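Read the structure below first, then the notes.
Protein chains in written order, with my numbering: chain A, -14 to 210; chain B, -14 to 210.
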C-alpha cells in the first residue's frame, strides 16, 4: 500500500459532499471557538469564564479531528473551509451579542440547529465520516451549561424571556438567509441532502425536523418561537 | 483514608506559596487562552489562525490540570486566581497588540519570562507540584511557532526588527512593574523565592537568570534588548 493513496477512497461525487460538510464543520468549530472565547470575557465571574473557555477549547479538539480527516482525504483544510468564511462572518457580524445571556442564547440556538443539521447529513454518509460527524456533534455539555444559565436568569427576571425570545428569532432569521446562500453555492452538499427524493420533499422534511427540534429546545429554556 | 483529607498534606507556609503559584499559573493560563484566541483573529490566513487557536486551546488543558490540583488541595480555583486579576488585566490593557506580529512577539516574550519564572519556583517545590509546574511550562510549540513567524517577517522586512524590539522592551517594562506589585502583595510566594538567602542575593540571582534568558530569546529571533 502506497503512502500516497487516500486512506478511504470514495466515489468523487460522495467525496465532494463529504469535503463540503467537513469543511463547513471545521470552519464552524474554528468560529465557535473564537466566539465562545470572546463570550467568555462577558462572564460575570471567573468560574463561568473558565467553564466557557474550556468549552471553547473543546471546539479545537473537534477542529483537529476534522482537519486530520480532510488531510487524510488529501484535501487542504484551509481550502475546504474557504467557501464558508463569508457566510459565517456575515452571520456573526449581524448577530453580535451585547451581553453574557445573549451570547449563551446565541450559542445554544446556533449549535443546536447546526448539530441537528450535521446529524441529518451524517446519516447519509458512510463510515468513518458518519461516525466522525456523529461523534463531534453529540457533546451536549455546552448546551446543558447554556440552558441552565438561561433558565436561571429567566427565573430571576421573567421579563428576560421576551427579550431573549426576540433575540433567538433574529438569530434564526439571519442563519436561514446565510444557509440558503451556502446551499446555492455548494451543489454537492445540497445534492446529497436532496438525493433521496427528486422533488422538494427531502428539503421540506429536513426543514420540518430542524424547526421542530429548535422549537423544543426553545421551550426547554422558557423561550418562545 | 477519608475522602475529606487533602491528597497531599503539606506544611501550611509551603502550601500558601504553592497555592499562590498555582493560582497565578491558573489565571495566567486563562488569560493566555483569551489573548491567543483574540490574537488568532489577527492571523493573515486560516492556517495560521487555526494554529494559534489550537495553541490557545492547549492553555485550557493546563488550566484544567492546575484547577484540579487546587481543588485537590481544597482551594477554590476562583479564589486562588483572584489576587492576580488586576495585575494581569492592567498589564494586558497597557500592552494591546496592534497587529499579528505584535501579538506573537508579546506571547513569545511574555510566555518565555513567565515559564522561566515558573521553572525557578518549581525547583523550590516538592512533588507532585514541582512535576505539575514543570510539565505545564515546558511545551515549546507556541514559542517555536512565534519565533518562526517573527524571524520570517524580519527576513522579509528588516525594518521590523527595530519596531518589534522597542515593543518588546515596553512589554518587559510593563510586566516588571506589575510583577513588583504582585510580589509585594503575595508574601508567601515572595518568601519562597527569597527563603534560601535572607539578603537580596536570591532575588538578584533570579532577576539575572530571567534577564539572561530573555536576552537570549530576543537574539534568537533577531530582536535586541
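Glycine included, every Cβ here is placed at the ideal spot set by N, Cα and C. For clarity, every value in this text was computed on a predicted model and none was experimentally measured.
- Under the three-state reduction of DSSP output, residue 209 of chain A falls in the coil class, being neither helix nor strand.
- Following the DSSP letters along the chain, one finds residue 109 of chain A in no alpha helix (DSSP H), marked with neither H nor E.
- Here residue 189 of chain B has no same chain residue with a Cβ atom under 6 Å from its own Cβ, once five neighbours each way along the sequence are excluded.
- If the five residues before and after residue 101 of chain A are omitted, its C-beta is found closer than 8 Å to the C-beta atoms of 194, 195, 198 and 199, all from its own chain and listed in chain order.
- The C-beta of residue 103 of chain B has 16 or more other C-beta atoms within 10 Å across all chains shown, which makes the residue buried.
- Taking the C-beta atoms as reference points, residue 9 of chain A is found nearer than 9 Å to residue 167 of chain A.
- Counting along the chain, residue 56 of chain B sits inside the alpha helix (DSSP H) bounded by residues 31 to 57.
- Taking 9 Å as the CB threshold, residue 151 of chain A stays off the interface with chain B.
- Contact of residue 39 of chain A with chain B by beta-carbon distance below 8 Å involves 45, 48 and 49.
- Looking at A:14, A:133 and A:118, the one whose alpha-carbon comes closest to that of residue 3 of chain A is A:118.
- A distance below 6 Å between beta-carbons, with the five flanking residues on each side excluded, links residue 127 of chain A to the following residues of its chain, in chain order: 40.
- A contact is defined here as three or more CB-CB pairs under 8 Å, and the stretch 63 to 81 of chain A fails this definition with respect to the stretch 60 to 68 of chain B.
- Listed along chain A, no residue sits closer than 7 Å to residue 36 of chain B by beta-carbon distance, the nearest being about 10 Å off.
- Taking a Cβ-Cβ cut-off of 8 Å, the neighbours of residue 30 of chain A in chain B comprise 63, given in sequence order.
- Listed along chain B, the residues sitting closer than 9 Å to residue 26 of chain A by beta-carbon distance are 19 and 23.
- Residues of chain A whose Cβ lies closer than 9 Å to the Cβ of residue 15 of chain B are, in chain order, 25, 31, 34, 35 and 38.
- In the three-state reduction of the DSSP assignment, residue 162 of chain B falls in the helix class, which pools H, G and I.
- In the three-state reduction of the DSSP assignment, residue 27 of chain A falls in the coil class.
- Interface with chain A (9 Å Cβ-Cβ cutoff): residue 67 of chain B is included.
- Within the same chain, 14 and 121 come within 6 Å of residue 47 of chain B by CB-CB distance, once the 5 residues on both sides are set aside.
- Residue 60 of chain A: not part of any alpha helix (DSSP H); DSSP gives it neither H nor E.
- Per DSSP, residue 80 of chain B is not a residue of any alpha helix (DSSP H), being assigned neither H nor E.
- Residues of chain B whose Cβ lies closer than 8 Å to the Cβ of residue 52 of chain A are, in chain order, 35.
- Residue state for residue 125 of chain B is assigned as coil, using DSSP reduced to three classes.
- For the pair residue 131 of chain A and residue 207 of chain A, the CB atoms are not nearer than the 9 Å cut-off.
- In its chain, beyond the 5 residues on either side, 62 have a beta carbon closer than 7 Å to the beta carbon of residue 56 of chain A.
- Between residue 91 of chain B and residue 156 of chain B, the beta carbon gap of about 6 Å places them in contact (Cβ cut-off 8 Å).
- DSSP, reduced to helix, strand and coil, places residue 5 of chain B within a helical segment of the structure shown.
- Residue environment: residue 176 of chain B is assigned as exposed (fewer than 16 neighbouring CB atoms within 10 Å of its CB, all protein chains considered).
- Scanning its chain for C-beta atoms nearer than 8 Å, with the 5 sequence neighbours on each side dropped, one finds around residue 18 of chain B the residues 41, 42, 44, 45 and 48, in chain order.
- If you look at residue 172 of chain B, you'll find it in the alpha helix (DSSP H) that goes 172 to 179.
- The DSSP-derived three-state label of residue 68 of chain A is helix.
- In the structure shown, residue 84 of chain A adopts coil according to DSSP, grouped into three states.
- Against chain A, the CB of residue 42 of chain B has a partner CB under 9 Å away; the residue lies at that interface.
- Here residue 151 of chain A is exposed: its Cβ has fewer than 16 other Cβ atoms, across all protein chains shown, within 10 Å.
- Residue state for residue 154 of chain B is assigned as helix, using DSSP reduced to three classes.
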